[in-house]
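Presented below is the structure to which this report refers.
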Amino acid sequence: MSDYRVLPGPEHFLPPAAASMGISLPNPGEAHINGVITSEDKAYEEAARQFLMAKVPTIFPGPLVLWAWNEKAAKKATAVRHLFNTLKECVQPGQKPMLIPMPDYRPKYPKINPEVEINPNHPNLTIWHNKIDCCMFIGVHCHQANLSLKIIRGGTSCYTIAMCAQAGHEDAMLSFRDASVEKIMKLADTVKRLKGTVQPRLSAKNGASN
Amino acid sequence: MSKERIQISEALYDIMPSDYQDLVKSATYGKEDRGWKDIGTSKELIEQHSLCAGCPESMAFRYILASLPNPEDTVMVGSTGCTSLVFPMVAVHNIHSLFGNQNAIASGLKRALSVRFPGRVKDVVVLAGDGATVDIGLDMTLQAWFRQEKFTTICFDNELYANTGGQESGLMQKGFVAKMAPVGKLFDKVRLPEIARESGCHYVVNCTVSKPSLVEKVIRNAVHIAREIGPTYLQLYTPCILEIGKNSMEGLQEMRDSEKPAERFAYKEYVSEPAKQLLAELAAKDKERKAAAKQLAAQAQAN
Ligand SMILES: Cc1ncc(C[n+]2csc(CCOP(=O)(O)OP(=O)(O)O)c2C)c(N)n1
Ligand code: SF4
Ligand SMILES: [Mg+2]
Numbered sequence: 378m379s380d381y382r383v384l385p386g387p388e389h390f391l392p393p394a395a396a397s398m399g400i401s402l403p404n405p406g407e408a409h410i411n412g413v414i415t416s417e418d419k420a421y422e423e424a425a426r427q428f429l430m431a432k433v434p435t436i437f438p439g440p441l442v443l444w445a446w447n448e449k450a451a452k453k454a455t456a457v458r459h460l461f462n463t464l465k466e467c468v469q470p471g472q473k474p475m476l477i478p479m480p481d482y483r484p485k486y487p488k489i490n491p492e493v494e495i496n497p498n499h500p501n502l503t504i505w506h507n508k509i510d511c512c513m514f515i516g517v518h519c520h521q522a523n524l525s526l527k528i529i530r531g532g533t534s535c536y537t538i539a540m541c542a543q544a545g546h547e548d549a550m551l552s553f554r555d556a557s558v559e560k561i562m563k564l565a566d567t568v569k570r571l572k573g574t575v576q577p578r579l580s581a582k583n584g585a586s587n
Numbered sequence: 002m003s004k005e006r007i008q009i010s011e012a013l014y015d016i017m018p019s020d021y022q023d024l025v026k027s028a029t030y031g032k033e034d035r036g037w038k039d040i041g042t043s044k045e046l047i048e049q050h051s052l053c054a055g056c057p058e059s060m061a062f063r064y065i066l067a068s069l070p071n072p073e074d075t076v077m078v079g080s081t082g083c084t085s086l087v088f089p090m091v092a093v094h095n096i097h098s099l100f101g102n103q104n105a106i107a108s109g110l111k112r113a114l115s116v117r118f119p120g121r122v123k124d125v126v127v128l129a130g131d132g133a134t135v136d137i138g139l140d141m142t143l144q145a146w147f148r149q150e151k152f153t154t155i156c157f158d159n160e161l162y163a164n165t166g167g168q169e170s171g172l173m174q175k176g177f178v179a180k181m182a183p184v185g186k187l188f189d190k191v192r193l194p195e196i197a198r199e200s201g202c203h204y205v206v207n208c209t210v211s212k213p214s215l216v217e218k219v220i221r222n223a224v225h226i227a228r229e230i231g232p233t234y235l236q237l238y239t240p241c242i243l244e245i246g247k248n249s250m251e252g253l254q255e256m257r258d259s260e261k262p263a264e265r266f267a268y269k270e271y272v273s274e275p276a277k278q279l280l281a282e283l284a285a286k287d288k289e290r291k292a293a294a295k296q297l298a299a300q301a302q303a304n
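Chains as they are written, first to last, in the numbering used here: chain U, 378 to 587; chain E, 2 to 304.
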C-alpha cells in the first residue's frame, strides 16, 4: 500500500494525482479516508465530524443534481437540500454552512461571482472568498471533480469530501462511492446524531483563506 | 438535448445564479421563429463578455446567437482569438479547438453526432477569427469544404490577429499597417469567399454585421443549407476598433462605410442550385406556416 496520504493542502501548485501516488479506489460498500480504504460506516462518521468541525461547511452540488435530467436527479437534489438543512440545524453559533452551486463547467473568465457559484476550473476563488474549510462535491462529472479537487488540494487547506455516484474520487480527502438518495440521507442522519459531540474550529485561523 | 430537459431541480432552484434561472424562464430555445427581434424581450444566450467596449464582434455574437435556428441542438466550435474570450459566456454547447483546427474538429463532431443521434437534427457551427480560418487553419478550412462536410463556417473577419496585438493576416487589406506589422501588407486581401465557392461551399456570403436582420437571414440560410446539402461559409466584417484606432461608438459607422457598393464588404452572396431549391422550399413552408397561424389567430378572435 502507498504511504501517500490525501490530506488538506496547500500541497503545492500542481499536486500529484492521488492515483499516480498509488491511491486506489474503494470497492462497492467501502469508502476511503485520506486515501486509506475504510468501511462506509466509518466514512459517514468522519464526514459528519468534518462538517460539524468546520467554520464554513459547504455543499457544492454540480450539474448532475442541479438540473432535473430525470426523476432520480430531482430526488437527489431534494436529499442534498435536506442535508444542508440538517447542517444548518446542527451547527453552533459562529459556524456558517453554505450551499453553493456548480451549474456547469464553462471556465468563467474573466469574472465569476464567488458568492453565488463555484467553477471547476478555478474552485479556489470561491473557497478563498467564502473562507470555506470543508466542502462536499456531489453531482459533478468525474474529470471535472478530479480537476477541481486537485486545484483545491493544491492551493487551499480546505477538507474535501466526494459523494461520488461512480467509483469514488481518490483526489478527495474522503470519498463515498455509488452515491444515492439513501446515502445522502444517511449522512444527514449521522450529522444529526453527532450534533453537539464535536467541537467546532471557531478560534483557529481558517487556513482555507491562505 | 430537448428543451424539456433543460430544467432546474426544484429543490435547488433558489441557489442557481440568476442567469441560469433566466435562461430557463425566458430564453428562446425551441422557439420556431426565433431571431434578432427577441433581443430585449427574452434572455439572450450570451452573458457578460470580455471583448473591448464597443467591439463589433459582440454585436455579431448577439445577432448570431439570437438567430441560430436550433440552439438547443447546436454545437459551436471556436478557436483561439478574441472570439474565444466570449465562448465561456455562451449558453450553447461549444468546443474550444486548438488554433486553426476548428474545421477538422467540426468535421469529426458532425459525423459523430449523426452516428450517435441518427434522425435527430444536430447543427454544427464553426466560429473563428480570420487568422484561424484563413492563415493557420486554412488547410483544415479547405479540406472540410472539399469533403463536403455538412456544417457552417463563420469567419469573424477583423483583418488582422487582434488577440495577439495586431499581426498581419491573410484577410488584411494590402498596404495596411498594424501595430505588429509595421512594414505594411505587401499582398492583396485573400479572396476567401471566391475560394469557398470554388471549394464546394453551397452558400457563401460576405457582409458586415451592421444590420441584425441581414445577419439573421444569412445565419438561418447557412445553417439550413449546411444541415441538408453541404458546407456553407459566412465572412462577416467585425472591425477591430482597437487596432484601427476607432472609439467604442464608431464600430457601426466603420461597418456602414465598408459595405457601400464599391467597398470590400459590399454584400456578396453565392447560392448553389440545390441550395436555391432548398431555400425556395423553406420559404414556401414558412409562408404556409405563417398563413395557418394567422388563420388560427383570426378564428380565435372571432370565437
Ligand atoms: C497553435 C497556436 N498558434 C498560435 C497561437 C497564438 N494566437 C492566439 S490568438 C492568435 C491570433 C488570432 O487571430 P484571429 O484568428 O484573426 O482572431 P482575432 O483575435 O482577430 O479575433 C494567435 C496567433 C495559439 N494560441 N495557438
Ligand atoms: S482587440 Fe479588437 S477584435 Fe479583440 S475585442 Fe478588442 S476591439 Fe474586438
Ligand atoms: Mg482576426
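Glycine included, C-beta positions come from ideal geometry on N, C-alpha and C.
Nearest CB-CB separation between U:Arg458 and chain E: below the 7 angstroms threshold.
The residue among U:Ser525, U:Pro474 and U:Leu476 with its C-alpha nearest the C-alpha of U:Pro497 is U:Ser525. For E:Leu13, at least one C-beta of chain U is nearer than 7 angstroms to its own C-beta. Scanning its chain for C-beta atoms nearer than 6 angstroms, with the 5 sequence neighbours on each side dropped, one finds around U:Gly545 the residues Leu402, Pro403, Ser552 and Arg554, in chain order. Excluding the 5 residues flanking it on each side, E:Ile230 has same chain C-beta neighbours closer than 8 angstroms at Lys151, His203, Ser273, Pro275, Ala276 and Leu279, in chain order.
Against chain E, the CB of U:Leu464 has no partner CB under 7 angstroms away; the residue lies outside that interface.
With its beta carbon at least 7 angstroms from every one in chain E, U:Leu502 lies outside the interface.
Taking 7 angstroms as the CB threshold, U:Glu422 stays off the interface with chain E. The closest CA to that of E:Thr81, considering only E:Gln103, E:Glu289, E:Ser68 and E:Asn71, is found on E:Gln103. Here E:Gly55 really is in contact with E:Gly252; their C-beta atoms are around 5 angstroms apart, less than 8 angstroms.
U:Glu494 reaches chain E at Pro18, counting residues in chain order whose Cβ is nearer than 7 angstroms.
For the alpha helix (DSSP H) assignment, the uninterrupted runs of no fewer than 4 residues enclosed by the stretch 50 to 79 of chain E are, from N- to C-terminal side, 57 to 68. E:Asn71 and E:Gln302 have their alpha carbons spaced roughly 31 angstroms apart. Inclusion of E:Gly171 and E:Lys180 in the CB contact set at 7 angstroms is not warranted, their separation being larger than that value. Under the criterion of beta carbons closer than 8 angstroms, U:Leu384 and U:Asn411 qualify as touching, at roughly 6 angstroms.
Under the three-pair Cβ rule at 8 angstroms, the stretch 449 to 461 of chain U does not count as touching the stretch 481 to 501 of chain U. Look at U:Thr455: its C-beta is under 7 angstroms from a C-beta on chain E. For E:Asn207 against E:Lys269, the beta-carbon gap comes to about 4 angstroms, under 8 angstroms, which counts as contact. The beta carbon of E:Gly185 is closer than 7 angstroms to those of Gly176, Phe177 and Val178 in its chain, skipping five residues each way along the sequence.
Pairing E:Thr209 with E:Met141 gives a Cβ-Cβ distance that is not under 7 angstroms.
In this structure the stretch 504 to 513 of chain U lies against the stretch 534 to 543 of chain U, because at least three pairs of beta carbons, one per stretch, are closer than 8 angstroms. In the structure shown, E:Asp258 adopts helical secondary structure according to DSSP, grouped into three states.
Note on the stretch 209 to 260 of chain E: whole beta strand (DSSP E) runs with a minimum of 3 residues are 233 to 238, in chain order. Here the distance from the Cβ of E:Asp158 to the nearest heavy atom of ligand 1 is not below 6 angstroms. A heavy atom of ligand 3 is found nearer than 6 angstroms to the CB of E:Gly132. Counting only Cβ-Cβ distances below 7 angstroms, E:Tyr21 has contacts in chain U at Pro480, in chain order.
Within 10 angstroms of the beta-carbon of U:Gly399 lie fewer than 16 other beta-carbons, which makes it exposed. Contact of E:Pro89 with chain U is assigned, a C-beta pair being separated by under 7 angstroms. Your pair U:Arg570 and U:Ala431 does not check out as a contact, with CB atoms roughly 17 angstroms apart and the cut at 8 angstroms. Residue-level contact by beta carbon holds for U:Ala451 and chain E, with a gap shorter than 7 angstroms. Annotated as proximal: E:Thr233 and E:Ile226, with beta-carbon spacing under 7 angstroms. Exposure of E:Ser249 is indicated by the presence of fewer than 16 other C-beta atoms within 10 angstroms of its C-beta.
Under the DSSP definition of a beta bridge, U:Ile436 partners with U:Leu476 and U:Met513.
Counting only the Cα atoms, U:Gln521 lies some 30 angstroms from E:Thr154.
Contacts with chain E (Cβ-Cβ distance below 8 angstroms) from the stretch 416 to 449 of chain U involve Pro438, Val442, Leu443, Trp444, Ala445 and Trp446, listed in chain order. One finds nothing in chain U with a Cβ atom closer than 7 angstroms to the Cβ of E:Ser27; even the nearest lies about 17 angstroms away.
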